[in-house]
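Enquirer: Residue numbers (the numbering used here), protein chains in the order written: chain A, 1 to 483; chain B, 484 to 802; chain C, 803 to 1097.
Think of the CB as a built atom: it goes at the ideal place given N, C-alpha and C, for glycine as much as any other residue.
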Amino acid sequence: MTMEKRSSAFEYAPAPESRSIVDIAPSYGLFIDGEFTEAADGKVFKTVSPSTEEVLSEVAEAGEADVDRAVKAARRAFEKWSALPGAERAKYLFRIARIIQERSRELAVLETLDNGKPIRETRDADLPLVAAHFFYYAGWADKLGHAGFGADPRPLGVAGQVIPWNFPLLMLAWKIAPALATGNTVVLKPAETTPLSALFFADVCRQAGLPGGVVNIVTGDGRAGAALVAHPDVNKVAFTGSTAVGKEIARTVAGTRKKLTLELGGKGANIVFDDAPIDQAVEGIVNGIFFNQGQVCCAGSRLLVQESVQDELLDALKRRLSTLRLGDPLDKNTDIGAINSAEQLARITALADQGEAEGAERWSPACEIPSAGYWFAPTLFTNVTQAHTIARDEIFGPVLSVLTFRTPDEAVAKANNTPYGLSAGVWTEKGSRILAVANRLRAGVIWSNTFNKFDPTSPFGGYKESGFGREGGRHGLEAYLDV
Amino acid sequence: MPTTAPPAHALSDVTASDGTLRRFLHGLPGVDAVGLEARAASLGTRSIKTTAKAYAIDLAISMVDLTTLEGADTPGKVRALGAKAVRPDPTDRTAPATAAVCVYPDMVATAREAVAGSGVKVASVATAFPAGRAPIAVKLADVREAVSAGADEIDMVIDRGAFLAGNYLKVYEEIVAVKEACGTSARLKVIFETGELSTYDNIRRASWLGMLAGADFIKTSTGKVAVNATPANTLLMLEAVRDFRAQTGVQVGVKPAGGIRTSKDAIKFLVLVNETAGEDWLDNHWFRFGASSLLNDLLMQRQKLATGRYSGPDYVTVD
Amino acid sequence: MSDRLNVLKTYKLYVGGKFPRSESGRVYEVTDSKNRWLANAPLSSRKDARDAVVAARKAFGGWSGATAYNRGQILYRVAEMLEGRRDQYVREVAEAEGLSKSKAAEQVDAAIDRWVWYAGWTDKIAQVVGGGNPVAGPYFNLSSPEPTGVVAVLAPQESSFLGLVSVVAPVIATGNTAVVVASEESPLPALSLGEVLATSDLPGGVVNILSGRTAEIAAPLAAHQDVNAIDLAGADEALARELEIAAADNLKRVLRPQPVDDWSATPGTDRMTAFLETKTVWHPTGSLGASGSAY
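Below, the structure written as structure tokens:
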């Protein structure tokens, strides 16, 4: 028999995740001292879905007075929270982890709506990692004396935490879980474009019975973040975001006793040697730069490929990019979702245009861009050299710059030739070369024969201008202890 | 030296000697097991719904090599299988026929009769299936018998012992000889028994070895060992046929066999085909499922899509 | 009193394994606690600071790439060399800090022992602060400490020798290289330390020692884009804040000044970990075969 062939043989029908699982209120207040409250001056801002530009909700915009109120609430809560036996703090965190697992589908849909990233990622990466992070640090709360920071390390006090929009709930988990486990209380400011999952997390805290003031969420823009960082009664500042803002924060806390950790930008090199497992390398490259639309600080945004396999690799890579499915982030088959904001889209567009203007060769697979929302097609630049802007500046988008090298020495020299030092990838079947290259790369996370893997037990953080301090693992406790 | 000239393509000189063949096979890119399995698992999360699902189920039915390979096979059993291959769902004439029935060589004539005039092919395992531990003359006789009895397709097993001992040219020459025995009328499927080759590097090498020797299909397994077709080993073989065509222009089919029992599994394999080798392979000339119980599950799913009700085993035929 | 006139030492900087005068050609007068002239010390300029950074950067690859065992051997050799010149340092410390001979001897002995303490740490710190991480997947995952790079060290102002050794040894024990600004008022023991380091198999450039006005030398170091970290031990509150702000330009790791009552107390690991990065390497473990079990 013969099958009737379609124009495109196997078109996947839409497979949208149900939006009705999440109930977004028309407005949200600040979460201070266990209560939702309006901003002192009554200001609000809108948060939109990047894939449709639909307004999802209206959120209170915190000013200095609100930040002060939140810090005071956290300070009041600190005395009891820090005096609680570690085992009791642990149980609160275990509760939170469990509730997140229970509500993970709802939270995944919410995150996809507010951020624009594919449901495949929020469902399979963000949410499982969020729950795992709380689970991991829950277990530390009553074991701090065994962590290598002395017999009885003390919490710092009030932690002021400012997080980005690329992994809203995951970055919240990375900040709040270790802070609470060590006995600190928290004022957290989510990113302006993605406030909702943090506000839902406030509800998780309510369900977990967490005492008021232990976690406070102040939504707002950069001014709220600046006020939090500068607040004199904050003992610890943790920031994830751009290197420029990170430097500003470092200046703000200079001369104070505030402990600071920064997790900033990157320009990760993904190094592919001629003896690499090529099909897996292609997957790693794709995962490295197109995961979360490339809006990842540790993205493998520079592909360094050995010249002798360049053609073969690029052919395979282009073929693979042609299978990426861009579109509705709620569709379970979507690989590439929306860019988080118009502002970010403009930045990506400008840098890509500059790459073209500087003579790099631009390529994107054929793909249909939706009419509403913020979108950028997966993009590959070849003929890129170290001198190109797109080889040096963090683009924070689905744009890969391809450079070549001839020898391992050259690969390492080029990989390290950046003020950043967050991540790098190495692909080769030769074990000794992996170890030799990993040893010489100046970056905090090295993925060999894999990329963009995360785990709560694994310390994460950068060298050089990618920031300092580590999140995750035993190392991640240090940022919140008086050591 | 090969007993017959290998196919004329860009890679014909790699089989000139044991040394060149070994260097070629060992020069193929390595396979990272974790990365391969992660990719296969990730493709397994594709959500195939409604119209796509209906299309995929019919496509999968049309790709089944409906198989019986038991010591207890009888002409009656084979005739029943043939009838089912031709008309899988007696209640619904729109259900497509399967691609082939697959039987032992001594059942080929019976099978031939059972599917006569339907377009359903007769495939026969041969070469001392499943172990392949017989003298070459016996293996070739096995093949010739099956072909002369009317087999359209021969599913041979490679000499895994020779492969694991590193005698690649011996394996190659045996495939070339079997191919010759198939003549022009029968297509050759080469079974690697991936569960015995054990490593993904070996499976990639075997795939290229088989294709160099003239395989029309490369096939995972006999269904007779502990681990048969898996998404990962099938993905790897799909990469191999894709790359082989890119280098030589020759298209080779893929047949995962053994262990695929549900529609959900079958659809996952079709997603692998679609996103790895591409739509050129989404046709029963280029992709097959070696299976038996899979067919009933596909039929039940097909009934569910048509009626909106879940079906049950009493509404499909026992084999 | 003998009639013989002492031969005085000309104190020089220690940069890149050599003993240059200050590029500025200038010196300043160093006196003892009773304001008696002891020597003229080089008044380092910002160009001296720059040269020292270049030397430290050049030495970093070799020193950080040396085996931990080798670094331990060399640090221990420093202790051996100091022991041999103990009397000289006792005199210099007594003069510099106005201490009795016995008090100065305590300081020098503690400084020598401190080198021994850190010599022993070089090949242990990675085991204490690094290790495998049990990630939830088929991956081998290992975190190891690595030296941050070039570290500017403002040595403590009061404790001219023990304080100095206490801040320099932990920096280089782990593979960093250092540009050290000696105590402004009491730089002579620090400058003399260069002579010991130069004869202890320590590669040139691993430690570079500058004397002069702390604030003047520290400013270009804090702003230098090729300096990775700064220890502000020798800065007062106002200077420390100013330097910390400058250090933010390339996100230097900053160790803020902390009050130290007693430099002879056993140090912990903090001064080492302050200048260590954690590198985490992932690698798939996978299965032994495609046939299922990994075991």
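Using three-state DSSP, classify E343/A as helix, strand or coil.
Expert: Working through the first sequence from its first residue, we reach residue 343/A at position 343. It is helical.
Enquirer: Looking at the C-beta of I278/A, does it have a partner C-beta in chain B at a distance below 8 Å?
Expert: The count along the first sequence starts at 1 and reaches residue 278/A at position 278. Yes, because at least one Cβ of chain B sits closer than 8 Å to the Cβ of I278/A.
Enquirer: Who are the Cβ neighbours of I1032/C in its own chain at under 6 Å, not counting the five residues just before and after it?
Expert: On the third sequence, position 230 is the one that residue 1032/C refers to. These residues qualify, in order along the chain: A954, A1024, A1049, K1054 and V1056.
Enquirer: I'd like the list of long-range same chain contacts for G706/B, defined as Cβ closer than 6 Å, with 5 residues on each side in sequence excluded.
Expert: Within the second sequence, the letter at position 223 stands for residue 706/B. Excluding sequence neighbours, G706/B sits near A740 and G741.
Enquirer: Less than 8 Å between the C-beta atoms of T1071/C and V930/C, yes or no?
Expert: Along the third sequence, read from residue 1 onward, the residue named residue 1071/C stands at position 269. Along the third sequence, read from residue 1 onward, the residue named residue 930/C stands at position 128. Against a cut-off of 8 Å, the Cβ pair of V930/C and T1071/C comes out as a contact.
Enquirer: Among G288/A, E368/A and P16/A, which has the Cα closest to the Cα of V272/A?
Expert: Numbered from 1 along the first sequence, position 272 holds the residue referred to as residue 272/A. The shortest Cα separation from V272/A among G288/A, E368/A and P16/A belongs to G288/A.
Enquirer: I'd like to know if the segment 243-257 of chain A and the segment 375-387 of chain A are in contact, where contact means that at least 3 CB-CB pairs between them fall below 8 Å.
Expert: They do not touch, by the three-pair rule.
Enquirer: Would W923/C and A881/C qualify as a contact pair, given that the criterion is a beta-carbon distance under 8 Å?
Expert: Here residue 923/C refers to the residue found at position 121 of the third sequence. Here residue 881/C refers to the residue found at position 79 of the third sequence. Against a cut-off of 8 Å, the Cβ pair of A881/C and W923/C comes out as no contact.
Enquirer: Does any C-beta atom of chain A lie closer than 8 Å to the C-beta of V937/C?
Expert: Against the third sequence, residue 937/C aligns to sequence position 135. Taking Cβ atoms only, chain A reaches closer than 8 Å to V937/C, which makes this a yes.
Enquirer: Write down every uninterrupted run of the beta strand (DSSP E) in the segment 912-958 of chain C whose length is 3 residues or greater and which is fully enclosed by it, in chain order.
Expert: DSSP runs (the beta strand (DSSP E)) wholly in the segment 912-958 of chain C: 941-949 and 952-956.
Enquirer: Cβ of D515/B less than 8 Å from any chain C Cβ?
Expert: Along the second sequence, read from residue 1 onward, the residue named residue 515/B stands at position 32. Yes, D515/B lies at the interface with chain C (some Cβ there is under 8 Å from its Cβ).
Enquirer: Alpha carbon to alpha carbon, how far is T731/B from M720/B?
Expert: Numbered from its first residue, the second sequence carries residue 731/B at position 248. Numbered from its first residue, the second sequence carries residue 720/B at position 237. C-alpha separation (whole angstroms): 16 Å.
Enquirer: For G518/B, return the contacting residues in chain C, with the cut-off set at a CB-CB distance below 7 Å.
Expert: Taking the second sequence and counting its residues from 1, one reaches residue 518/B at position 35. Near G518/B (Cβ distances below 7 Å), the residues of chain C are P1086.
Enquirer: Going by beta carbon distance, what residues of the same chain come within less than 6 Å of P365/A, once the five residues before and after it are set aside?
Expert: What you label residue 365/A is simply residue 365 of the first sequence in a count that begins at 1. Excluding residues within five positions, the ones whose Cβ falls inside 6 Å are L321 and S322.
Enquirer: Just mark N808/C as buried or exposed, buried being the case when its beta carbon has 16 or more other beta carbons within 10 Å.
Expert: Taking the first residue of the third sequence as 1, we reach residue 808/C at position 6. Burial call: exposed.
Enquirer: Report the three-state DSSP secondary structure of P378/A (helix, strand or coil).
Expert: What you label residue 378/A is simply residue 378 of the first sequence in a count that begins at 1. It is coil, neither helix nor strand.
Enquirer: Which of the three DSSP states, helix, strand or coil, is assigned to C585/B?
Expert: Here residue 585/B is taken as the residue at index 102 of the second sequence, counted from 1. If DSSP states are grouped into helix, strand and coil, C585/B belongs with the strands.
Enquirer: Could you tell me whether the Cβ atoms of A938/C and A97/A are closer together than 8 Å?
Expert: To locate residue 938/C, count along the third sequence from 1; it is residue 136. To locate residue 97/A, count along the first sequence from 1; it is residue 97. Their beta carbons are not under 8 Å apart, which means A938/C does not touch A97/A by this criterion.
Enquirer: Is Y463/A close to chain C, meaning its C-beta is less than 8 Å from at least one C-beta of that chain?
Expert: Residue numbering aside, residue 463/A sits at position 463 when the first sequence is read from its first letter. Chain C, which has a Cβ nearer than 8 Å to the Cβ of Y463/A, makes this yes.
Enquirer: Do L93/A and Y137/A come within 8 Å of each other at the CB atom, strictly closer than that value?
Expert: For the purposes of this step, residue 137/A is taken as residue 137 along the first sequence, with counting starting at 1. For the purposes of this step, residue 93/A is taken as residue 93 along the first sequence, with counting starting at 1. In contact: Y137/A and L93/A (Cβ atoms closer than 8 Å).
Enquirer: Output the distance between the C-alpha atoms of S530/B and D23/A, rounded to the nearest integer angstrom.
Expert: Walking along the second sequence from the start, residue 530/B turns up at place 47. Walking along the first sequence from the start, residue 23/A turns up at place 23. Cα to Cα, the separation comes out at about 24 Å.
Enquirer: Mind pulling the beta strand (DSSP E) runs of 3 or more residues that sit fully within the segment 627-667 of chain B?
Expert: DSSP runs (the beta strand (DSSP E)) wholly in the segment 627-667 of chain B: 636-640.
Enquirer: Starting from W691/B, trace the beta strand (DSSP E) both ways and give me its first and last residue.
Expert: The count along the second sequence starts at 1 and reaches residue 691/B at position 208. Unbroken run through W691/B is the alpha helix (DSSP H), Y683 to L695; no beta strand (DSSP E).
Enquirer: Could you name the residues of chain A that R529/B contacts, counting a contact when the two beta carbons are closer than 7 Å?
Expert: Residue 529/B sits at position 46 when you count from the first residue of the second sequence. Ordered by position in chain A, the residues that pass the 7 Å Cβ test against R529/B are Y12 and N333.
Enquirer: Which class does G421/A belong to by DSSP, given the choice of helix, strand or coil?
Expert: Stepping through the first sequence from its first residue, residue 421/A is reached at position 421. Coil.
Enquirer: At a CB distance below 9 Å, what residues from the segment 238-250 of chain A approach chain C? Give them in sequence order.
Expert: Here the close residues are T243, G246, K247, E248, I249 and A250.
Enquirer: Identify the continuous alpha helix (DSSP H) that holds F134/A and give its terminal residues.
Expert: Along the first sequence, read from residue 1 onward, the residue named residue 134/A stands at position 134. Looking at the DSSP string, the run of the alpha helix (DSSP H) that includes F134/A is L127 to W140.
Enquirer: Check whether the segment 12-21 of chain A touches the segment 180-193 of chain A, taking contact to mean three or more Cβ pairs, one atom from each stretch, closer than 8 Å.
Expert: Short answer: they don't touch.
Enquirer: Per DSSP, what kind of secondary structure is D726/B in: helix, strand or coil?
Expert: Residue mapping note: residue 726/B aligns to position 243 of the second sequence, counting from 1. Here D726/B sits in helix by DSSP.
Enquirer: Can you give the Cα-Cα distance for M3/A and A411/A, rounded to whole angstroms?
Expert: For the purposes of this step, residue 3/A is taken as the residue at position 3 of the first sequence. For the purposes of this step, residue 411/A is taken as the residue at position 411 of the first sequence. Residue confidence for M3/A is low, a pLDDT of 42 falling below 50, so the modelled location carries little weight; the figure read from the coordinates is stated next. For M3/A and A411/A, the distance between alpha carbons rounds to 50 Å.
Enquirer: Please classify G510/B: is it buried, with 16 or more other beta-carbons within 10 angstroms of its beta-carbon, or exposed?
Expert: Stepping through the second sequence from its first residue, residue 510/B is reached at position 27. Classification for G510/B: exposed.
Enquirer: Please report the distance separating the alpha-carbon of S57/A from that of A198/A.
Expert: By one-based count along the first sequence, residue 57/A stands at place 57. By one-based count along the first sequence, residue 198/A stands at place 198. Approximately 13 Å, taken between the alpha carbons.
Enquirer: Would you list, in sequence order, the uninterrupted beta strand (DSSP E) runs of no fewer than 3 residues that lie entirely inside the segment 711-757 of chain B?
Expert: Complete beta strand (DSSP E) runs here, min 3: 736-738.
Enquirer: Thinking C-alpha only, which one of L330/A, G34/A, Q207/A and N439/A is nearest V109/A?
Expert: Here residue 109/A refers to the residue found at position 109 of the first sequence. Nearest option by C-alpha distance: L330/A.
Enquirer: Per DSSP, D548/B is paired with what?
Expert: Locating residue 548/B in the second sequence gives position 65, counting from the first residue. Note: D548/B sits in a beta bridge opposite A583/B and G773/B.
Enquirer: Is there a C-beta anywhere in chain A that falls below 8 Å from the one on P512/B?
Expert: Along the second sequence, one-based indexing puts residue 512/B at 29. Closer than 8 Å to some Cβ of chain A, the Cβ of P512/B qualifies, so yes.
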